[in-house]
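> Heads up: the sequence shown runs through residues 2 to 85, numbered per our numbering. The C-beta atom is built at its ideal place from N, Cα and C for all residues, glycine as well. Let me give you the structure first, and then I'll get to my questions.
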Amino acid sequence: AFAQGHVPGAINIPHAKIIGSRMAEYPANILFVVYCAGPHCNGAARAAVRLAQLGRPVKLMAGGITGWRDEGFALARAPDILGS
């Protein structure tokens, strides 16, 4: 799904891959904004909980990709970088 369209500048880190060793690659003060396909997807909420448990600053983007497109914002398309 990420390769089909995502928020420009986003990287794909599936919630199951959000672990301390992987998050150590990012500065401690970086704000993670998580989102999912739409308002009925819970992947972003699970990612937000994992990040918060690791002490990382996190915000949940309401509406996900559906909301992003509904607001008229463009999507970027690129290969899935960290999803596997």
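G68 and G39: beta carbons closer than 9 Å?
Walking along the sequence shown from the start, residue 68 turns up at place 67. Walking along the sequence shown from the start, residue 39 turns up at place 38. Their beta carbons are under 9 Å apart, which means G68 touches G39 by this criterion.
> According to DSSP, simplified to helix, strand and coil, what is V50?
What you label residue 50 is simply residue 49 of the sequence shown in a count that begins at 1. Note: V50 maps to helix in three-state DSSP.
> Based on the DSSP secondary-structure assignment, which residues constitute the bridge partners of K18?
Here residue 18 refers to the residue found at position 17 of the sequence shown. Looking at the DSSP assignment, K18 forms no beta bridge with any residue, so it has no partner.
> What would DSSP say about A77, mapped onto helix, strand or coil?
In the sequence shown, the residue the question calls residue 77 occupies position 76. A77 falls in the strand class under three-state DSSP.
> From which residue to which residue does the beta strand (DSSP E) around L61 run?
Taking the sequence shown and counting its residues from 1, one reaches residue 61 at position 60. Per DSSP, L61 belongs to the beta strand (DSSP E) from V59 to L61.
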